[in-house]
Amino acid sequence: MRPLYLTNTLTRSKELFKPIHEGRVGMYVCGPTVYGDAHLGHARPGVTYDVLFRLLKYLGYKVRYVRNITDVGHLEHDADEGEDKIAKKARLEQLEPMEVVQYYTERYHEAMRQLNVESPSIEPRASGHIIEQIEAIKKILEAGYAYESNGSIYFDVRKYNRDHHYGVLSGRTLEATLEGTRSLDGQGDKHAPYDFALWKKAEPQHIMRWPSPWGEGFPGWHLECSVMGAKYLGEEFDIHGGGMDLMFPHHECEIAQNVASRGTQGVHYWVHNNMITIGGQKMGKSLGNFITLPQLFSGDHKLLAQAYTPMTIRFFILQAHYRGTLDFSNDALQAAEKGYKRLMQAWRDLGSIPAGSRSDVEGKALSSEVLAIIDAVMDALCDDLNTPIAIAHLFDAVKLINGGKLAPGDKVALKVFFDEVVGGVLGLKDEEAGASGKAEKALDGVMSLVLEARKKAREEKNWAESDRIRDTLSSFGITVKDTKEGATWTLE
Ligand code: ZN
Numbered sequence: 010m011r012p013l014y015l016t017n018t019l020t021r022s023k024e025l026f027k028p029i030h031e032g033r034v035g036m037y038v039c040g041p042t043v044y045g046d047a048h049l050g051h052a053r054p055g056v057t058y059d060v061l062f063r064l065l066k067y068l069g070y071k072v073r074y075v076r077n078i079t080d081v082g083h084l085e086h087d088a089d090e091g092e093d094k095i096a097k098k099a100r101l102e103q104l105e106p107m108e109v110v111q112y113y114t115e116r117y118h119e120a121m122r123q124l125n126v127e128s129p130s131i132e133p134r135a136s137g138h139i140i141e142q143i144e145a146i147k148k149i150l151e152a153g154y155a156y157e158s159n160g161s162i163y164f165d166v167r168k169y170n171r172d173h174h175y176g177v178l179s180g181r182t183l184e185a186t187l188e189g190t191r192s193l194d195g196q197g198d199k200h201a202p203y204d205f206a207l208w209k210k211a212e213p214q215h216i217m218r219w220p221s222p223w224g225e226g227f228p229g230w231h232l233e234c235s236v237m238g239a240k241y242l243g244e245e246f247d248i249h250g251g252g253m254d255l256m257f258p259h260h261e262c263e264i265a266q267n268v269a270s271r272g273t274q275g276v277h278y279w280v281h282n283n284m285i286t287i288g289g290q291k292m293g294k295s296l297g298n299f300i301t302l303p304q305l306f307s308g309d310h311k312l313l314a315q316a317y318t319p320m321t322i323r324f325f326i327l328q329a330h331y332r333g334t335l336d337f338s339n340d341a342l343q344a345a346e347k348g349y350k351r352l353m354q355a356w357r358d359l360g361s362i363p364a365g366s367r368s369d370v371e372g373k374a375l376s377s378e379v380l381a382i383i384d385a386v387m388d389a390l391c392d393d394l395n396t397p398i399a400i401a402h403l404f405d406a407v408k409l410i411n412g413g414k415l416a417p418g419d420k421v422a423l424k425v426f427f428d429e430v431v432g433g434v435l436g437l438k439d440e441e442a443g444a445s446g447k448a449e450k451a452l453d454g455v456m457s458l459v460l461e462a463r464k465k466a467r468e469e470k471n472w473a474e475s476d477r478i479r480d481t482l483s484s485f486g487i488t489v490k491d492t493k494e495g496a497t498w499t500l501e
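Per the numbering used here, the sequence shown starts with residue 10, numbered consecutively.
Structure representation (structure tokens):
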């Protein structure tokens, strides 16, 4: 198996990936909180961990990929304060919270499907794991790292930090975590501002509530990932991914909960993708630069010069290394669109594999040029998922393809490689060759037949028939115009 290197946030270094169980990988990624449409900030982890999932499978691992849906407990001010994001949306729209969850989960799935992101192996919901969360809280209480306060349970960070290291992932000290936390008077029932909720008492107006040994309430946001990771991947598993914005406090709290409830950090490789900025700025609803994926795909946003196809967005994301920042602009997306189209054209130009020639190629000597490209692409992908370098080497192949002098064996080998790696690992698909491309081609053909029949009718001065064809087409939204060069048509 080709060695794979990943940058582990926990050790802050690039490490050779060694799974706990030979040949098998357990991977957990924090999924969306489903109270609104998916946006660029969801597209990046969606695509990044999809490529990691696909690459691990391509390398020969059997992968169990768990990506959760947060449908309870994610409060407005990150973790512990404010209204539940889903409950708030439900209140504003006069819906049941689970209607909001259902609607936006389906919208999220659709956006991911358009980005050609494969479904995870398991997609658990936080609200389906309340019992497990209550059990974990009991264990943390028993271990002495949590306290009850006015019906809520909080994690005792100061006590934990005396025995362990709170900040092992983010590198923060306890003092540093105080900066940026709310002033003491805003901390409510907590003993210290850096403590975080494991269980929150439900106020009378709170809709999403469950019984617990401490009264009716709901779990804290950080707990679900600790519990669902352990449930589906075991108390120790290989890879945990998520956006860099989740490293602190979400993942830091996850580690503390794991150690406090089961005596192990649980995760061997922490992987974090960087953020997408817009014109160098963070994306935010209050900044007016918040662009959802449906808006990107339709072009319907004041910051968008045009619509961008899902594959343009995917290619744009892959053109940057996942650990680097990625700045969104129309120029950058238009450049990505060009690059994507050039790559797809070259893939198309490789043609189809003549029957039987795939096995002809195996074992035959390929040119050193093609072998070097294939090796360089795979080396880059296995070097901490370096997709921009991999794509740069793929463009070396594009040059060879466009040169038109490929030996037949090289051509077949590259075609197989493009199918497996451009399509299979990078997850790019040729949008023009998709169903809509086929439908357009068919419509072109049908329209030339119909217009030929109309031309014949006009030549025979059969105006009734010529008008009937024109009017019928018009009722389908197709407008026919007669010009000197002949009839043209447009579809509304
Ligand atoms: Zn999480």
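Backbone N, C-alpha and C fix where the C-beta goes; we use that ideal spot for every residue, glycine too.
The structure presented is a predicted model; accordingly, all values stated were derived computationally and were not measured.
Original post:
Closer than 5 Å from C-beta to any heavy atom of the ligand ZN: which residues, in chain order?
Top reply: C39, C234
Original post:
How is T481 classed by DSSP in three states: helix, strand or coil?
Top reply: helix
Subject >> Secondary structure of A355, DSSP reduced to three states >> reply: helix
Original post:
CA-CA distance, E115 and A473?
Top reply: The alpha-carbon atoms of E115 and A473 are separated by roughly 50 Å.
**OP:** Consult DSSP for L19 and reduce its assignment to one of helix, strand or coil.
**Re:** coil
Original post:
Based on the DSSP output, what are the partners of A496 in its beta bridges?
Top reply: D491
Original post:
Per DSSP, P228 forms a beta bridge with which residues?
Top reply: W208
**OP:** Compare the beta carbon distance of R76 and V109 with 8 Å and say whether it is the shorter of the two.
**Re:** Contact: no.
**OP:** List the endpoints of the continuous alpha helix (DSSP H) containing T318.
**Re:** Counting along the chain, T318 falls outside any alpha helix (DSSP H), and DSSP gives it neither H nor E.
Subject >> Counted within 10 angstroms of its Cβ, other Cβ atoms place G413 as buried (16 or more) or exposed >> reply: exposed
Original post:
From L193 to T79, what distance separates their C-alpha atoms?
Top reply: In this prediction, L193 scores a pLDDT of 49, lower than 50, which makes its location untrustworthy; no coordinate-derived value is stated.
**OP:** Quick one: using the 10 Å Cβ neighbour count with 16 as the cut-off for buried, is V455 buried or exposed?
**Re:** exposed
Subject >> Alpha-carbon spacing of K408 relative to E90, whole angstroms >> reply: Each residue's alpha carbon lies about 55 Å from the other.
**OP:** Using three-state DSSP, classify G55 as helix, strand or coil.
**Re:** DSSP places G55 in helix when its eight states are reduced to three.
Original post:
Is V177 helix, strand or coil by DSSP?
Top reply: coil
**OP:** On a CA-only basis, which of A345, Y175, G333, L84 is nearest V268? Give me that one, please.
**Re:** Y175
Original post:
For N282, does the three-state DSSP call read helix, strand or coil?
Top reply: strand
Original post:
By Cβ distance below 7 Å, which residues in the same chain neighbour L65 in space, the five residues on each side in sequence not counted?
Top reply: V34, V72
Original post:
Taking the C-alpha atoms as reference points, what is the distance between E24 and S128?
Top reply: About 27 Å.
**OP:** Could you name each continuous alpha helix (DSSP H) segment of 4 residues or more that falls completely within the region 401-471, going from the start of the chain to the end?
**Re:** 417-426, 444-468
Subject >> Residue from Y58, M292, T334 with nearest C-alpha to S130 >> reply: Nearest option by C-alpha distance: Y58.
**OP:** State the start and end residues of the unbroken alpha helix (DSSP H) segment that holds H118.
**Re:** 106-123
Original post:
Hey, how far is the Cα of K3 from the Cα of N17?
Top reply: Nothing about residue 3 can be reported from this structure: the residues present for the chain run from 10 to 501 only.
Original post:
CB-CB under 8 Å to L394, same chain, minus the five flanking residues each way: which ones, in chain order?
Top reply: L15, T57, V60, L61, L64, H330, Y331.
**OP:** Using a threshold of 8 Å, state whether the C-beta atoms of S161 and K210 are closer than that.
**Re:** yes
**OP:** Would you identify the three-state DSSP class for F26, choosing helix, strand or coil?
**Re:** DSSP places F26 outside both helix and strand once states are collapsed to three, so it counts as coil.
Original post:
What three-state label does DSSP hand L193 in the structure shown?
Top reply: Any reading at L193 must be qualified, since the residue scores a pLDDT of 49, below 50, and its modelled position is unreliable; the value itself is stated next. In this structure, L193 counts as helix in the three-state DSSP scheme.
Original post:
In the DSSP assignment, what are the bridge partners of Q249?
Top reply: Contrary to the premise, residue 249 reads as His rather than Gln in this sequence. Answer is Y37, W279.
Original post:
CB-CB under 7 Å to L124, same chain, minus the five flanking residues each way: which ones, in chain order?
Top reply: A52, G55, V56, P319, I322, R323
**OP:** Identify, in the order they occur along the chain, each residue of the same chain with its Cβ nearer than 6 Å to the Cβ of W498, setting aside the five sequence neighbours on each side.
**Re:** M456, I487, V489
**OP:** May I ask you to list the residues that DSSP assigns as paired with I143?
**Re:** DSSP lists no partner for I143.
Original post:
With burial defined as no fewer than 16 other Cβ atoms inside 10 Å of the residue's Cβ, what is the status of R479: buried or exposed?
Top reply: buried
Original post:
Beta carbon of I285, beta carbon of F337: below 8 Å?
Top reply: yes
**OP:** Within its chain, find whatever has a CB closer than 7 Å to the CB of T334; leave out the 5 residues flanking it on each side and keep chain order.
**Re:** Same-chain partners within the cutoff: N283, M284, T286.
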